[in-house]
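Chains as they are written, first to last, in the numbering used here: chain A, 171 to 284; chain B, 117 to 228. See below for the structure under consideration.
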Amino acid sequence: DAGVIQSPRHEVTEMGQEVTLRCKPISGHNSLFWYRQTMMRGLELLIYFNNNVPIDDSGMPEDRFSAKMPNASFSTLKIQPSEPRDSAVYFCASRQGRGESPLHFGNGTRLTVT
Amino acid sequence: DQQVKQNSPSLSVQEGRISILNCDYTNSMFDYFLWYKKYPAEGPTFLISISSIKDKNEDGRFTVFLNKSAKHLSLHIVPSQPGDSAVYFCAASDNAGNMLTFGGGTRLMVKP
Numbered sequence: 171d172a173g174v175i176q177s178p179r180h181e182v183t184e185m186g187q188e189v190t191l192r193c194k195p196i197s198g199h200n201s202l203f204w205y206r207q208t209m210m211r212g213l214e215l216l217i218y219f220n221n222n223v224p225i226d227d228s229g230m231p232e233d234r235f236s237a238k239m240p241n242a243s244f245s246t247l248k249i250q251p252s253e254p255r256d257s258a259v260y261f262c263a264s265r266q267g268r269g270e271s272p273l274h275f276g277n278g279t280r281l282t283v284t
Numbered sequence: 117d118q119q120v121k122q123n124s125p126s127l128s129v130q131e132g133r134i135s136i137l138n139c140d141y142t143n144s145m146f147d148y149f150l151w152y153k154k155y156p157a158e159g160p161t162f163l164i165s166i167s168s169i170k171d172k173n174e175d176g177r178f179t180v181f182l183n184k185s186a187k188h189l190s191l192h193i194v195p196s197q198p199g200d201s202a203v204y205f206c207a208a209s210d211n212a213g214n215m216l217t218f219g220g221g222t223r224l225m226v227k228p
């Protein structure tokens, strides 16, 4: 299994531009999570999906952020318009089951907004 | 409000000695606790977990201890190896298991 695949690995964009981050979860996993890592706030949960349905998006910082999961094998996190304070590493993770079932993380997308 | 806290941002240990990483939580609804390890430029990887019905779980060199009354857990690595140098995250989820809240991480450096 290739694991969770995120693209791109690095993204540099100018303030005001639209940014789309992509994630392919592990096949068979029924939950997908988007996390953001910053120095100030550590790893914070943005949104998660169960069976492709968004369950809790209370971590999404603003309306500029949106996430979709059109099918079990693909999810996107979009920022429009982007701002310099959005600069962070964005991780996607997937899991089969709940509770003690561990999350499997992708290698992240490092976003820099200038 | 940080529900999961790792108060030591870094820890330095000599190879062969014990590493003890600590984690405190505030939410009494947390039922599962997990430790993740993260190398630079990679995503966190699962290390070991423990359910709230247990107070200890061991896997090779790694042991996690849970003290529910103190809302405290710790990860022991014995013996520590240079390859253990990484950032360690403590995480917790409630009994629904749908959400996972992470601590801020502790950077472990194991010196040869």
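Virtual Cβ for every residue (Gly too), placed ideally from N, Cα, C. Just so we're clear, the structure is a prediction, and the values are computed from it rather than from any experiment.
Is there contact here, the segment 135–143 of chain B with the segment 254–267 of chain A, by at least three beta-carbon pairs under 8 angstroms? no
Figure out for me which residue from A:Asp227, A:Glu214, A:Ser245 and A:Phe235 has the closest Cα to the Cα of serine 177 of chain A. As a working note, residue 177 of chain A is residue 7 in the first sequence. Ranking A:Asp227, A:Glu214, A:Ser245 and A:Phe235 by Cα distance to serine 177 of chain A puts A:Ser245 first.
Would you mind giving the Cβ-Cβ distance between phenylalanine 218 of chain B and lysine 154 of chain B, rounded to the nearest angstrom? I have them listed as a contact below 8 angstroms. Translated into the one-based positions of the second sequence, residue 218 of chain B becomes position 102. Translated into the one-based positions of the second sequence, residue 154 of chain B becomes position 38. Not really, about 10 angstroms apart at Cβ, beyond 8 angstroms.
Can you look up aspartate 147 of chain B in the DSSP assignment and give me helix, strand or coil? Counting from one through the second sequence, the residue named residue 147 of chain B turns up at place 31. Three-state DSSP puts aspartate 147 of chain B in a strand.
Three-state secondary structure (DSSP) of proline 254 of chain A: Here residue 254 of chain A corresponds to residue number 84 of the first sequence, with the count starting at 1. Helix, per DSSP.
Once you ignore the five residues that flank glycine 220 of chain B on each side, which residues in its own chain have a CB closer than 6 angstroms to its CB? The residue given as residue 220 of chain B occupies position 104 in the second sequence. Hits under 6 angstroms: Gln122.
Helix, strand or coil: which one does DSSP assign to asparagine 212 of chain A? Position 42 of the first sequence holds residue 212 of chain A. It is glycine, not asparagine, that sits at residue 212 of chain A in the sequence shown. Reduced to three states, the DSSP call for glycine 212 of chain A is strand.
Beta strand (DSSP E) runs wholly inside the segment 174–223 of chain B, at least 3 long, in chain order: 178–183, 188–193 and 202–210
Take the Cβ of isoleucine 134 of chain B as the centre, count every other Cβ of all protein chains shown within 10 Å, and call the residue buried at 16 or more, exposed below. Taking the second sequence and counting its residues from 1, one reaches residue 134 of chain B at position 18. Exposed: under 16 other Cβ atoms inside 10 Å.
Could you check whether leucine 127 of chain B and leucine 215 of chain A sit closer than 8 angstroms to each other, using their CB atoms as the reference points? In the first sequence, residue 215 of chain A corresponds to position 45, counting from 1. In the second sequence, residue 127 of chain B corresponds to position 11, counting from 1. It is not a contact, given that the beta carbons lie outside the stated cut-off.
Here's a check: name, in chain order, each residue in its chain whose Cβ is nearer than 6 angstroms to the Cβ of phenylalanine 205 of chain A, leaving out the five neighbours to either side. Taking the first sequence and counting its residues from 1, the one referred to as residue 205 of chain A is at position 35. Position check: residue 205 of chain A holds tyrosine in this sequence, whereas phenylalanine was assumed. Leu213, Leu215 and Phe261, listed in sequence order.
For my contact list, serine 230 of chain B and glutamate 184 of chain A are in at a C-beta cut-off of 8 angstroms; report their separation, rounded to the angstrom. The requested residue 230 of chain B is not part of the displayed model; chain B covers only 117 to 228.
Mind checking glutamate 181 of chain A: buried by the 16 CB within 10 Å criterion, or exposed? Stepping through the first sequence from its first residue, residue 181 of chain A is reached at position 11. Buried: at least 16 other Cβ atoms inside 10 Å.
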